[in-house]
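Below is one structure, written out as structure tokens, with a few remarks after it.
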Amino acid sequence: MIRQPIFRLAPRLPALRRLLVLLLMTFAASLLPKAASAAPGTRACATTAHGAHARRCIAKPNKRHIKPAPHAKRAKAHKPRPHTTIRKKPRRRVTPKPTVAAQHERLHRKRAARGTHPKRKPLPTPGHAPRVTASARAAAAQAAAAASAGARPQLLASCGYTPATKRLLRSRAIYVVDERTGTVLLERNASQIRPIASVSKLMTAVVSLDRRAPLARRISVTGADRDTIKFTGSRLKVGSTLSRRDMLHIALMSSENRAAAALSRDYPGGRPAFVAAMNRKARTLGMSNTHFVNATGLSPRNVSTARDLSRLVAAANRYSTIRAFSTDRAQIVRPGHGQLSYVNSNALVRGGDRHITLQKTGFINEAGHCVVMRYQIGARPVDVVLLDAPGPRDHIADAIRIRNWLNCSLH
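According to mature numbering (1 follows the signal peptide of the UniProt record, and there is no 0), the residues represented by the sequence shown are -38 to -1, 1 to 373, in order.
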């Protein structure tokens, strides 16, 4: 070995010092046990790390050696299940034994017989008629005596006639009277004077039949029969010819205006004489608030009251021709150029209401929708007058409601 001078090793002392320190650190690290270098449940950092990287080394947990906490196990055990529909078991219906049911029934009969069970009525014993008390017999006898003596009829609340249901009627003037006893069953503005529209044709028919002219005689439609008030049309053309019977038929059933005008023109003395006869007949019947200016009712000056019109219905009902013609559903006439088919202007008659024995409808803007009828409720005739209904079906709805009250209350 060649010995070098010491002065030549002096420049290399810092490097040797660093190498010596590194060897000492490596030797010290190899002497420490691995279990002591890391905390329980963590992984030790690499021993080769040095410098700045060694200071950033942090012990990381070892997931394989970590035991779950007790509360974590409980949370896992109580994990919510997916939503499922829980079906409840149906409750068993307990049927009482026959002996128990019989005991309850006997107890109920005893209480009902003693009158100590106010909410329940006594049950009829099988095979025997129900017991009728003396007070019930007396009440039944009194009711029968009143009925035989002609008691005053009335609309019953049990049949649906109440102040609330009465307000549902849309007609502005109403008069319902029992013709046999003269009892007024229902009225509203019965004395107010109003236009009556084509209800006037009932008086036209009465005056025409009072003339006693042959119904087979034929009448021709002329230009004078046209409507110059409302300018309404007609299927009866000028020059058409019909018998007086057919003219009267379609005037009452379908409210044909030219037919009524032709009947009034054919009257002896012409239309002025016919209108005078209409007003004279009204005074004879006691219709003091009634006035006519023509036979068709197209003039708003044809006025009356609901009370007066009930008198007209009663008078017109004496004519079998008026009863038959006003309640026919349809009629075919032959005016000389083919044939014309007419239907009844009353929807109730077209629907087959057999309670109606006489009727007449009417409408102009000033009068509203009107209808007068004679109802036959059993053996009891009832006159119904409905005037000035606002809608085209309101008077029919009112008539149906009143008919139901009458059928229930008077039967």
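Note that CB positions come from ideal geometry on N, CA and C, so glycine has one too.
Check                                                                                                                                                                                              : Outcome
Cβ of aspartate 345 within 8 Å of Cβ of arginine 336?                                                                                                                                              : yes
Is the number of C-beta pairs between the segment 244 to 255 and the segment 272 to 280 that are closer than 8 Å three or more?                                                                    : yes
Assuming phenylalanine 325 and alanine 222 make a contact with CB atoms under 8 Å, what is their CB distance in whole Å?                                                                           : At roughly 15 Å, the Cβ-Cβ gap does not stay under 8 Å, so phenylalanine 325 and alanine 222 are not in contact.
With DSSP run on the structure shown, which of helix, strand or coil describes arginine 156?                                                                                                       : strand
One question on the structure: do arginine 285 and leucine 320 come within less than 8 Å of each other, judged by their Cβ atoms?                                                                  : yes
Which residues share a DSSP beta bridge with threonine 203?                                                                                                                                        : Ser182
Using DSSP with H/G/I as helix, E/B as strand and the rest coil, what is arginine -22?                                                                                                             : helix
What does a CB cutoff of less than 8 Å around histidine 299 pick up in its chain, not counting 5 residues either side in sequence?                                                                 : Lys199, Ser202
Who does isoleucine 136 pair with in a DSSP beta bridge?                                                                                                                                           : Arg150, Leu348
Count the other C-beta atoms from every protein chain shown that fall within 10 angstroms of the C-beta of histidine 373, then say buried if there are 16 or more, exposed otherwise.              : exposed
Cα-Cα, which of Lys163, Leu271, Ala268 is closest to phenylalanine 287?                                                                                                                            : Lys163
Please go through the same chain and pick out, in chain order, the residues whose beta-carbon is closer than 7 Å to the beta-carbon of leucine 368, but skip the five residues on each side of it. : Tyr337, Ile339, Val344
How is the beta strand (DSSP E) around phenylalanine 325 delimited, first residue to last?                                                                                                         : 318 to 326
Can you check which of these residues, Ala152, Val146, Leu131, Arg114, is closest to aspartate 270 by C-alpha distance?                                                                            : Ala152
Of all the options Leu148, Gly144, Arg142, which has the alpha carbon lying nearest to the alpha carbon of arginine 134?                                                                           : Leu148
For leucine 209, does the count of other Cβ atoms within 10 angstroms reach 16, so buried, or fall short, so exposed?                                                                              : The sequence given here has methionine at residue 209, not leucine. Burial call: buried.
To the nearest angstrom, how far is it from the Cα of valine 169 to the Cα of phenylalanine 236?                                                                                                   : 8 Å
Mind pulling the alpha helix (DSSP H) runs of 4 or more residues that sit fully within the segment 227 to 259?                                                                                     : 232 to 246
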